[in-house]
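Taken in order, the sequence shown gives residues 816 to 958; the numbers are from this note's numbering.
Every residue gets a Cβ at the ideal spot worked out from N, C-alpha and C, and that includes glycine.
These notes concern the structure reproduced below.
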Amino acid sequence: MKISTKGRYAVRLMLDLSEHYTEGYIALKDVADRQEISKKYLEQIIPYLNRGQLLLTNRGHQGGYKLAKHPSEITIFEVLTCAEGDLAPVSCLQQGAEPCDRRGECLTFPIWDGLNKLVSDYLKGITLQDVLNNRPDAPEYNI
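Have a look at this one:
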């Protein structure tokens, strides 16, 4: 699994909005300037986050974007899955995938399933607020 630029920028966008959570709607241009990301690229990411109901939008003169929930209620997993789609390491674990004919006899399935659970649980355990708080004690997993 590799997180694309879209996923990484989505996290940066959401963290920026988290830092300015109490300021109301934030212009995308301001986020783009602070994060040194093209406004046009951020405009392509916004619909994914809107569909995931992570953002609120206000059009017009005082328009912009703000988080739909408090930063402590939005996980990195939610942001990444909105931007990237499924984070499964192999196609047979993707949501809605056709069941694999070899699943019952596949010796490698438990490896990929375990990896998928570790990554998902890890990312679900980190909120935007945790990142803002510079939480160095993110959940650790031993294999």
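Following the continuous alpha helix (DSSP H) through residue i, name the residue where it begins and the one where it ends.
{"i": "ASN865", "result": "854-866"}
{"i": "LYS821", "result": "820-834"}
{"i": "LYS932", "result": "924-939"}
{"i": "LEU908", "result": "Element bounds for LEU908: n/a, residue is neither H nor E."}
Tell me the DSSP secondary structure of residue i in three-state form.
{"i": "ASN949", "result": "coil"}
{"i": "ILE889", "result": "coil"}
{"i": "LEU943", "result": "helix"}
Compute the Euclidean distance between the alpha carbons of residue i and residue j, then round it to the nearest angstrom.
{"i": "ALA847", "j": "GLY900", "result": "23 Å"}
{"i": "TYR894", "j": "PRO914", "result": "The sequence shown places Val at residue 894, not Tyr. Approximately 27 Å, taken between the alpha carbons."}
{"i": "ASN931", "j": "HIS876", "result": "44 Å"}
{"i": "VAL826", "j": "ILE891", "result": "7 Å"}
{"i": "ARG849", "j": "ASP916", "result": "49 Å"}
{"i": "LEU938", "j": "GLY878", "result": "31 Å"}
Can you name the start and end residues of the beta strand (DSSP E) that residue i belongs to?
{"i": "LEU882", "result": "879-882"}
What's the call for residue i, buried or exposed, on a 16-neighbour Cβ count within 10 Å?
{"i": "ASN957", "result": "Interpretation of ASN957 is limited by its pLDDT of 49, a score under 50 that renders its predicted location unreliable; the figure taken from the coordinates is listed afterwards. Its Cβ having fewer than 16 others within 10 Å, ASN957 is exposed."}
{"i": "SER906", "result": "exposed"}
Please state if the CB of residue j and the CB of residue i are separated by a distance shorter than 9 Å.
{"i": "SER833", "j": "ILE889", "result": "yes"}
{"i": "ARG880", "j": "ILE852", "result": "It should be noted that the sequence gives Tyr, not Arg, for residue 880. No, they are not a contact pair."}
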